[in-house]
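Structure, as structure tokens:
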Amino acid sequence: MSAIEHPADAPPSGITRWLYATNHKDIGKMYLVFGIAMFLVGGLLAELIRAELLTPTMRVLSPEAYNQVITVHGLVMVFGALMPITAGLANYLIPMMIGAPDMALPRLNNWGFWLLPPAALLLVMPWGLKLIGIGNGTLDTGWTMYAPLSIQSGPGADFAFIAVLLLGLSSTMASINIIVTILNQRAPGMTMLKVPVFVWSWLITALLLVAVFPALMAGVIMLIGDRHFGTHFFSAAGGGDPVLWEHIFWFFGHPEVYVLLLPSAGILPHILATFARKPIYGYKAQVYSFCVIGVLSIVVWAHHMFTSGMPPAANIYFMLSTMAISVPVAVLFFCWFGTVWRGAMTFETPMLFALGYIVLFGIGGLTGLVLSDAAADQQYHNTYFLVAHFHYALFGGPVMGVIAGIYYYLPKVTGRMYSETLGRWHFWLTLIAFNVTFIPQFLAGIAGMPRRIPDYALQFWHFNLVSSVGAFVLGASQLLLVYNIVRAMRGDGEQASGRVWEGARGLEFTLPSPPPFHTFTTPPVIE
Amino acid sequence: MSAVTDEHGHYFVPEPSPYPVLLAGALFLVGLGAALLVNSFALGWAPLAAGGGLTVYVLFGWFGRVVGETRAGVYGLKEDRAFRWGMMWFITSEVVFFASLFGVLFYERNIAIPWLASFSGPHSPLSAYAPWPAFHVAWPSSGPAGKPFGIVSPWGIPALNTLILLSSGATVTWAHAGLRAGNRTRLKLGLALTILLGVTFLAFQAREFAHAYDELGLTLHSGVYGATFFILTGFHGLHVTVGTIMLSAILVRAFKGDFTPQDHFGFEAVSWYWHFVDVVWLLLFVFVYWL
Amino acid sequence: MSKARVLSAGGAIPVLLGPAWAHARAFYDFQAPVTPIARDILFIHDLFLVIITALFLIGTGTLLYSVYAHRYRRNGIPATFTGPVGRKQWFWASFPFAVLLVLDYGVLGIPALHSILALANTSGSAMTVKVTGHQWNWQYEYPAYGIGFTSTLSTPQDQIADEAPKDKHFLLEVDHPLVLPTHEKIRIILASADVIHAFWVPAFGIKQDAVPGYLRQTWVEIDKPGTYRGQCAELCGVGHAFMPIVVRAVDQVAFNQWLSREQAVAAAQRAASGIAYTRGQLVTAGRKVFDAYCAACHQPNGLGLAGAFPPIAGGHPFAAAAPMIAALRARGFYRAGDIVVGPIANHIRIVLHGIPGTPMPSFASQLSAADIAAVITYERNDFGNHTGETVEPSQVLAIKTGH
Ligand code: HEA
Ligand code: HEA
Ligand code: CUA
Ligand SMILES: [Cu+2]
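Residue numbers (this note's numbering), protein chains in the order written: chain L, 1 to 527; chain Z, 1001 to 1291; chain A, 2001 to 2403.
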């Protein structure tokens, strides 16, 4: 059969290279570009939110539009930006890091990616339909889609739910592929305890996704049932319970935050080790921590529901189990400190972002500990204190982490160095503006400002003013990242060497930059 | 012909393929159509039908391609192992899906209903405020505001269906043993029997649903009992349907001379799936129909 | 504790509010607690802030020291260790985690257990208030005294639209505050009529979801008279930001006076349903009811929101797209207000019972017959619906009681 041949060594040309891709590097790049684009979309929506909250007056968005904007902001950032970016890094790096020629199931891999744009389209399509007078816009329930608000919501909700189903399919397929790749495609001699930390972090991430995303998909199907097919899963009149939806959502949702966190926590040690010119400290401890975090994350979900009226025993259980997670996470911190300790550090942009990550995510994690207190959460729940917590945990952690990763691997992927000066500007502006944006939100929350409101009482004004100004600067500074990426993609800038960074280790750095289209078609020898 | 490449040899990376992106597009159309239809927008049929057609086309194309590659012998041990792992993890995700549905059943039955009932009755400190003061714990239940309904007895068709599915599990295993022993007649016969049993199961199940709707008044609207009953049995039925279709494809391939005693991943994948569907039914029988 | 507070202030926010220190404290702190629970929580909060601030400083301090001391230019030859070696190093490496565990479960966990249990203990209360969340107002009932009323945002529309200067309590003012006696344990029963709301008054330290179909309980024992303000804390739709909670805590004597006044008003209202009003009276009263209860969905101009809330006004907002909308309306996507010019009985039924399965709530328990009659008269005579009809409370009562 002549049609079945091993693919040529050069990429096919034209658009089909991307549409029909089976090459892990191409698919990885598509994920990255898509994710970064969605980061801009989500960020733009965040700027709309902040513009609305600049003053205690509704100038920018009506209340219905506001609810839709925060919902889409949350969904796009989580599912459209962060997950695809980390999945892109996984696709690009994992085969190279373990010495495999490609992902285990290349066509499935492509499918996983191409399910994302349709999902994104479905999510925003109701806004388009609204423009021509159909429906009232997209989902407006917050990204948590609490029933029965989500049952009452307009037609846009169905589009969003179906988008979630597609996202679930995509994540499940991508995760299966990653698990199989890690289990099956390692080069000879690459035992599981030699596999790089990043690969381990993704193994746990993928296992988590397989273990929880189907539950959300089942839940969304039930929501659609309640909306259109007369079922009563979430309605008391038929014996159902709205709180059941909260359980389902958070059974998925809490592991989901570690899905966002782990890949960035996996890439961090590589960067720290490279720029400290030292081996990674506590490799095994980190691997075991990932495993423990993975397991614990599945049993703590209801710490998001301390005010839902669960019996005190449940509140206590979920509080205590949640607190337990602080230990493995603290182990990770300890190992990061250990990795840079007595190293010979230089501070290129990736390193700056990695260090910023440690500090900012430290704040996110420590405030998470505060929230896990079931009693005090009576005050924090659904206030801006919570919003600030999760932005420290989401932006301060994963987003800083993937930005560090992007700067770290950009020269590898494109073969071009980015502009170090602009990179540093990007870092410092981001660090400062981020804190200016979100520290006032902690304070507003403590002072009593609820989340998800388009308009607020006068005593919250100053917090919001500062926060909004910070957010505008924060948004504008991300354009530096975009510029750096576009520049490198267009082939401008200095040629990068294969090793790229003086202290870099790992199989991916034994290859030229950019690596050839197919790598490790014969497995490398692992010492 | 198996293992042309050894453990340390290279890995087969398929050439660029149009099918994945087409399938994604097809699902987009299906999703769009569904979203429009549930909002009673008749135009939704168009994308739904187009998406459905495209899906069928892709499935034929994609699987046909894989079958062709198998026949051409491009897959070695390592590829085979990748497929096995892949199928296993896929089934794991399905297990989670059904586990969540069972979780919903347990929650509604053991938490939601007693909780609702705890507000009413003479001993409740809240009965004066209860929205439904007369509600008490019961299972099956259509909830405080639901209509009464009859239930399907486990010892009629469901028990028979249990037997049918169990024996279908035995017949695939029998077919598998035949294949491994090089007895292709047993392979074909076993597969055909399995398919027959699967179809019979589905027919009974359809009858059962009609019975529930028309005579028992047990419908999707029958509160949490009806909802969990139909979502569990319905999704199970859907999986049996898919399994039956896959078995048929395997049977066709068996007739075309595919599969060797050593190398028959396609067959095994489908039989794993079938066993999984089997186990789900057993749980269903116990927790939905019986207890 | 006062030392703890100073410490926490020192750590948490030196960045922003440096100059106005005293001012700042009022800013970042919780509202002054007036119940035992709220005081417990404030204590936990302060403790937490001290501890996490300390952890943060230790962590960041270590990191910054390392950044300074172990930079390439100062320390050109990196070490090569990859983990603790020997018993002593292992001990020191595990030490922080032991400390963290003690902090988690000992220092922070134990006070929390105490307040979680206290929070759930509603027994021994002297009085019960039932609070029902509606889209978008709160209904308060005092079952033992046979009174109840609805509490709706009273900030005028023009302040929200920024056409008038904003009051001090912008968005935190209601027409009927919840009135509670001080120094008494009050059980609060929470219910919801539509979606999940959350009853949150920061000074009381309680935040409890109201779940439709279910009941939830919590309690307060207020030890200081005053006016306490809170907000709905669970996203409940477009009016979520506009359903504040205002509680007026008064001493027992004042409470009793208030009670008898309210009881008298309730009696008068029941009587009023029999009286006939003029159309002018009804329209004037109806406008108020409409702005308070209906405008959130159907909009102050009565135009509704395309696709979500049907217009009360005869026309529709997309006049230019009329043919297309007519086609869409046939598909169930878009409804315009035909009811409000159709038979009166249907109109009354809709407002009384709502439209099940849609957001249109039932107002039978929230509004008096007189109010319903007024709002319907108003709807049928304003917004370009010049029907000229008058709907009397007695008509509403007749339909309500099924005669
Ligand atoms: C990546 C995302 C992420 C991460 C990692 C976390 C991590 C944690 N989160 Fe967070 N969380 C969110 C994202 C995240 N969270 C989101 C999105 C929400 C809101 C969702 C919504 O409602 O919309 C939320 C909400 C949320 C709640 C619900 C609050 C409420 O609704 O009322 C709670 C409660 O327990 C909580 C707790 C925690 C805890 C205990 C951790 C722990 O994992 C933290 C462990 C870490 C530590 C304990 C730090 C240890 C470090 C040191 C000791 C060293 C310090 C060193 C330096 C500072 C240099 N989170
Ligand atoms: C990874 C996740 C993530 C990230 C990165 C962010 C980033 C940001 N978020 Fe987000 N946020 C969430 C996840 C995230 N958020 C979630 C889950 C919610 C809860 C939603 C809910 O309630 O349901 C939320 C809610 C939320 C709120 C609360 C809304 C409310 O409760 O009423 C606010 C308010 O300030 C906010 C602000 C911001 C800001 C200012 C940023 C900034 O960091 C953004 C920085 C800006 C950019 C990155 C844009 C840069 C680019 C441009 C400006 C140029 C654009 C150009 C082109 C398109 C060419 N977010
Ligand atoms: Cu009611 Cu938010
Ligand atoms: Cu969580």
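Note that CB positions come from ideal geometry on N, CA and C, so glycine has one too.
Original post:
In the DSSP assignment, what residue or residues form a beta bridge with Thr2411(A)?
Top reply: For residue 2411(A) there is no data in the structure shown, the boundaries of chain A being 2001 and 2403.
**OP:** Quick one: list the residues of chain Z neighbouring Lys2130(A), beta-carbon separation under 8 Å, in chain order.
**Re:** Neighbours of Lys2130(A) on chain Z, chain order: Tyr1129.
Subject >> Nearest-residue set for ligand 3, Cβ under 5 Å from any heavy atom >> reply: Cβ-based neighbours of ligand 3 within the cut-off: His2197(A), Cys2232(A), Cys2236(A), His2240(A) and Met2243(A).
Original post:
So which residues on chain L does Leu1283(Z) lean against when the C-beta distance must stay under 8 Å?
Top reply: Simply none; closest approach about 15 Å.
**OP:** Evaluate His247(L) with the Cβ neighbour count: other Cβ atoms within 10 Å of its Cβ, from every protein chain shown; 16 or more gives buried, anything less gives exposed.
**Re:** Burial call: buried.
Original post:
Is the beta carbon of Ile1091(Z) sitting closer than 7 Å to the one on Phe1276(Z)?
Top reply: Result yes, Cβ atoms of Ile1091(Z) and Phe1276(Z) sit closer than 7 Å.
Subject >> Test item: CB-CB of Leu1983(A) and Ile2037(A) under 7 Å >> reply: Because residue 1983(A) is not part of the residues shown, which for chain A are 2001 to 2403, the question remains open.
Original post:
Under a criterion of Cβ closer than 6 Å to any non-hydrogen atom of ligand 4, which residues qualify, in chain order?
Top reply: Ordered along the chain, the selected set is His254(L), Val257(L), His303(L) and His304(L).
**OP:** Go through the region 2090-2117 of chain A residue by residue and report every complete run of the alpha helix (DSSP H) that reaches 4 residues or more, in order.
**Re:** For the region 2090-2117 of chain A, not a single whole alpha helix (DSSP H) run of length 4 or above is found.
**OP:** Using the Cα positions of Ile1195(Z) and Leu1251(Z), report the straight-line distance between them to the nearest angstrom.
**Re:** Their backbone Cα atoms lie some 9 Å apart in a straight line.
Original post:
Within this structure, are the beta carbons of Pro2225(A) and Leu2172(A) separated by less than 7 Å?
Top reply: Contact flag unset, no.
Original post:
Using a Cβ-Cβ cut-off of 7 Å (strictly less than) and excluding sequence neighbours within five positions of Ile363(L), which residues of its own chain qualify?
Top reply: For Ile363(L), where only same-chain residues beyond five positions count, the Cβ hits under 7 Å are Tyr392 and Gly396.
**OP:** Could you check what DSSP says for Leu2367(A) in three-state terms: helix, strand or coil?
**Re:** It is coil, neither helix nor strand.
**OP:** Quick one: residues in its chain with C-beta nearer than 7 Å to the C-beta of Leu105(L), no 5 flanking neighbours on either side, listed in chain order?
**Re:** So the qualifying residues of the chain are Asn177 and Val180.
Original post:
So does the region 1034-1042 of chain Z actually touch the region 1231-1244 of chain Z, counting three or more Cβ pairs closer than 8 Å?
Top reply: Fewer than three beta-carbon pairs drawn from the region 1034-1042 of chain Z and the region 1231-1244 of chain Z are found closer than 8 Å, and the two stretches are therefore not classed as touching.
Subject >> Beta-carbon proximity check, Ala404(L) vs Ile293(L), cutoff 7 Å >> reply: No.
Original post:
Leaving out the 5 sequence neighbours to the left and right, which residues in its chain are closer than 8 Å to Ala2320(A) when beta-carbon positions are compared?
Top reply: Here the model assigns Ala2320(A) a pLDDT of 41, short of 50, so the residue's position is not dependable, and the following value carries that caveat. Within the same chain, no residue comes within 8 Å of Ala2320(A) by CB-CB distance, once the 5 residues on both sides are set aside.
Original post:
Using the beta-carbon count (16 or more within 10 Å), is Leu216(L) buried or exposed?
Top reply: Buried: at least 16 other Cβ atoms inside 10 Å.
Original post:
Would the C-beta of Met83(L) count as close to ligand 2, meaning under 6 Å from any of its heavy atoms?
Top reply: In this structure, Met83(L) has its CB at a distance of at least 6 Å from all heavy atoms of ligand 2.
**OP:** Just the C-alpha distance for Lys1078(Z) and His381(L), rounded to the nearest angstrom, thanks.
**Re:** The alpha-carbon of Lys1078(Z) is positioned some 50 Å away from that of His381(L).
Original post:
Is the beta carbon of Ile70(L) within less than 6 Å of some heavy atom of ligand 2?
Top reply: Under cutoff, so the answer is yes.
Subject >> Proximity below 7 Å, CB of Gln2159(A) to CB of Pro2300(A) >> reply: No; because the gap between Cβ atoms is not below 7 Å, this pair is not in contact.
Original post:
Among residues of its own chain, excluding the 5 on either side of Arg17(L), which ones have a beta-carbon nearer than 8 Å to its beta-carbon?
Top reply: Setting aside the 5 residues that flank it on each side, Arg17(L) is surrounded in the same chain by Pro11 and Asp26, each with a C-beta closer than 8 Å to its C-beta; the list follows chain order.
Original post:
Does the beta carbon of His2134(A) sit closer than 7 Å to a beta carbon anywhere in chain L?
Top reply: No, His2134(A) lies away from the interface with chain L (no Cβ there is under 7 Å from its Cβ).
Original post:
Closer than 6 Å: is that where the CB of Leu449(L) sits relative to any heavy atom of ligand 2?
Top reply: Residue identity differs from the one stated: residue 449(L) is Met in this sequence, not Leu. No, ligand 2 has no heavy atom inside 6 Å of this Cβ.
Original post:
Does the Cβ-Cβ distance between Leu121(L) and Ser201(L) come in under 7 Å?
Top reply: Going by C-beta atoms, Leu121(L) is not nearer than 7 Å to Ser201(L).
**OP:** Assign Ser326(L) to buried or exposed, taking buried as 16 or more other Cβ atoms, counted over all protein chains shown, within 10 Å of its Cβ.
**Re:** Ser326(L) should be labelled buried.
Subject >> Where Gly1143(Z) falls: helix, strand or coil (DSSP) >> reply: In the structure shown, Gly1143(Z) adopts coil according to DSSP, grouped into three states.
Original post:
Arg2248(A) and Thr2227(A): beta carbons closer than 7 Å?
Top reply: Yes, they are a contact pair.
Original post:
With DSSP run on the structure shown, which of helix, strand or coil describes Trp111(L)?
Top reply: For Trp111(L), the three-state secondary structure derived from DSSP is helix.
Original post:
How far does the alpha helix (DSSP H) with Tyr317(L) in it reach, from first residue to last?
Top reply: Unbroken alpha helix (DSSP H) run through Tyr317(L): Pro312 to Val340.
Original post:
Could one say the Cβ of Phe1135(Z) lies closer than 7 Å to chain A's Cβ atoms, at least one of them?
Top reply: With 7 Å as the cut-off, Phe1135(Z) does not count as an interface residue toward chain A.
**OP:** Give the straight-line distance between the Cα atoms of Leu54(L) and Pro454(L), rounded to the nearest whole angstrom.
**Re:** Distance between the alpha carbons of Leu54(L) and Pro454(L): 10 Å.
Subject >> Leu1197(Z) versus Asn110(L) - alpha carbon distance >> reply: Between the alpha carbons of Leu1197(Z) and Asn110(L) lies a gap of roughly 36 Å.
**OP:** Flag this pair as yes or no: are the beta carbons of Arg156(L) and Arg452(L) separated by less than 7 Å?
**Re:** Contrary to the premise, residue 156(L) reads as Gly rather than Arg in this sequence. Contact flag unset, no.
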